[in-house]
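**Student:**
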Amino acid sequence: MAGMDTGAGAKREVSLPNGEDVPALGLGTWRYGESASSADAEVAALRLALEIGYRVFDSAEMYGAGGAETVLGRALAPALRGGLARDRLFVVSKVLPENASTAGVLAACERSLRRLQLERIDLYLLHWRGGVPLKDTVEGFEILQRRGWIRHWGVSNFDLDDMRELQACPGGAACSTNQVWYSLGERGPEFELLPWQRLHQIPLMAYSPIDQGELVDHPALHSVAQRHAATPAQVALAWVLAQPGVMAIPKAVHGVHLRHNCQAASLQLAAADHAELDRAFAPPSRKRPLAMR
Ligand SMILES: NC(=O)c1ccc[n+]([C@@H]2O[C@H](COP(=O)([O-])OP(=O)(O)OC[C@H]3O[C@@H](n4cnc5c(N)ncnc54)[C@H](OP(=O)(O)O)[C@@H]3O)[C@@H](O)[C@H]2O)c1
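The sequence shown begins at 223 in the numbering used here and counts up one residue at a time.
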């Protein structure tokens with residue numbers, strides 16, 4: 223493929239607010255761990271991902287009701303025993319809003335750590351905003367940091383109003399990431415949220431970057447893909463990864479998808495490609511409510 227590496231294409235990095243650099247490409251695990259019959263194949267996919275060079279893994283207590291964290295733990299544990307340095311991994315998980323009270327966050331994190339077979343989570347997110355006051359959740363995150371159970375915390379599905387409210391909470395300015403739906407098909411965050419996050423040096427972690435597979439055969443991506451001897455999915459992903467301050471966590475379980483997505487992190491789109499994609503997927507001209515899956 224023209225202009226691509228074949229290895230852990232995740233050469234691009236994004237800086238967290240504390241200056242730590244994290245690979246811009248990670249692997250999502252929604253739909254993992256939902257069935258005992260597919261668990262072994264999923265562990266194998268995650269081991270392949272580690273071999274290929276993925277270092278960022280996104281999970282949540284919600285996915286498979288803990289099953290995704292369990293299969294991720296089953297893949298990570300032997301790699302760590304086999305010599306993979308823990309600080310080369312960046313494991314993300316999320317607490318459900320109904321568990322996001324100060325005490326609830328501590329209990330949920332302990333359960334997640336057990337399933338992940340880890341002593342700490344690198345980035346722990348509030349999955350979406352619920353009824354618990356933000357300051358209580360932040361207090362829980364701070365306790366977890368003091369205990370060494372998490373390194374960073376952040377949020378997910380927060381629009382600009384929520385981010386501003388969070389910043390005004392005691393300790394809220396320490397938020398490290400906001401994970402939202404961002405893709406060629408869902409460019410809403412570009413209008414206000416993404417510029418604001420850039421200003422505050424809070425990376426945006428793009429979920430569903432290939433629109434849950436909807437972009438894999440999108441006709442508007444074919445000619446750009448052809449020019450790069452790439453697939454439409456790779457173009458969709460390369461476009462997200464080309465946005466400054468943005469990480470992406472495509473989910474894949476098929477080996478060929480895992481490899482293609484790694485390669486896409488090295489695909490350099492030209493100005494003409496961006497112009498063509500802008501014509502097909504227009505940037506937002508006004509504020510839209512944040513889309514959620
Ligand atoms: N915070 C939140 O509220 C939230 C919401 C949604 C998602 N997420 C996170 O974001 C991750 C990614 O989002 P997503 O799972 O919704 O959707 P996605 O990553 O946009 O799409 C996943 C789908 O695309 C397929 N695919 C992946 N790479 C491909 C490739 N190179 N070519 C062709 N098809 C490819 C996958 O197939 P296979 O699996 O069959 O390989 C899967 O069916 C999730 O797994 C989760 O970790 C977070």
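Where a beta carbon is used, it is the ideal one built from N, C-alpha and C, also for glycine. Here the structure is a predicted model, which means the values were calculated and not measured.
#1: Might you give, ordered along the chain, the residues of its own chain that have their beta carbon closer than 8 Å to the beta carbon of aspartate 433, omitting 5 neighbours on each side?
#2: Could you tell me the boundaries of the beta strand (DSSP E) in which glutamine 218 lies?
#3: Please name the residue or residues paired with phenylalanine 218 in a DSSP beta bridge.
#4: Would you call the region 336-344 in contact with the region 377-387, where contact means no fewer than 3 C-beta pairs closer than 8 Å?
#5: At what residues does the alpha helix (DSSP H) containing isoleucine 274 begin and finish?
#6: To the nearest angstrom, report how far apart alanine 282 and valine 317 are at their CA atoms.
#7: Among Pro245, Arg269, Val293 and Leu335, which residue has its Cα nearest to the Cα of serine 260?
#8: Return helix, strand or coil for alanine 383, following the three-state DSSP convention.
#9: Using a threshold of 7 Å, is the CB atom of tryptophan 461 nearer than that to any non-hydrogen atom of ligand 1?
#10: Helix or strand or just coil, what does DSSP make of alanine 224?
#11: Distance, Cα to Cα, asparagine 400 vs methionine 469?
#12: If we ignore side chains and look at the alpha-carbon of each, how far apart do glycine 326 and glycine 362 end up?
#13: Assuming alanine 458 is part of the alpha helix (DSSP H), what are its boundary residues?
#14: Just to confirm the assignment, what range does the beta strand (DSSP E) spanning glutamate 235 have?
#15: Give the secondary structure of alanine 230 by DSSP, where H, G and I count as helix, E and B as strand, and everything else as coil.
#16: Use the C-beta contact count for serine 237: other C-beta atoms within 10 angstroms, 16 or more gives buried, fewer gives exposed.
#17: Express the C-alpha separation of aspartate 280 and arginine 369 in angstroms, rounding to a whole number.
#18: Output needed for leucine 499: all residues of its chain with C-beta closer than 7 Å, excluding positions within five of it in sequence on either side, in chain order.
#19: Identify whether serine 445 lies in helix, strand or coil by the three-state DSSP scheme.
**Tutor:** From the atom records:
#1: Ser405, Leu406, Gly407, Glu408 and Ala458
#2: Because the chain here runs from 223 to 515, residue 218 falls outside it and cannot be looked at.
#3: No answer is possible for residue 218: it lies beyond the span of the chain, which begins at 223 and ends at 515.
#4: no
#5: 258-274
#6: 7 Å
#7: Val293
#8: One detail in the question is off: residue 383 reads as aspartate in this sequence, not alanine. In this structure, aspartate 383 counts as helix in the three-state DSSP scheme.
#9: In this structure, tryptophan 461 has its CB at a distance of at least 7 Å from all heavy atoms of ligand 1.
#10: Unreliable positioning characterises alanine 224 in this predicted model, as indicated by a pLDDT of 35, which lies under 50. The coordinate reading is nonetheless provided below. Three-state DSSP puts alanine 224 in coil, outside helix and strand.
#11: Computed Cα separation, rounded: 10 Å.
#12: 8 Å
#13: 454-463
#14: Note, glutamate 235: beta strand (DSSP E), 235-237.
#15: Reliability fails at alanine 230, whose pLDDT of 41 lies under 50, so the model's placement of it is uncertain and no value is given.
#16: It counts as exposed.
#17: 22 Å
#18: Leu406, Val446 and Trp461
#19: helix
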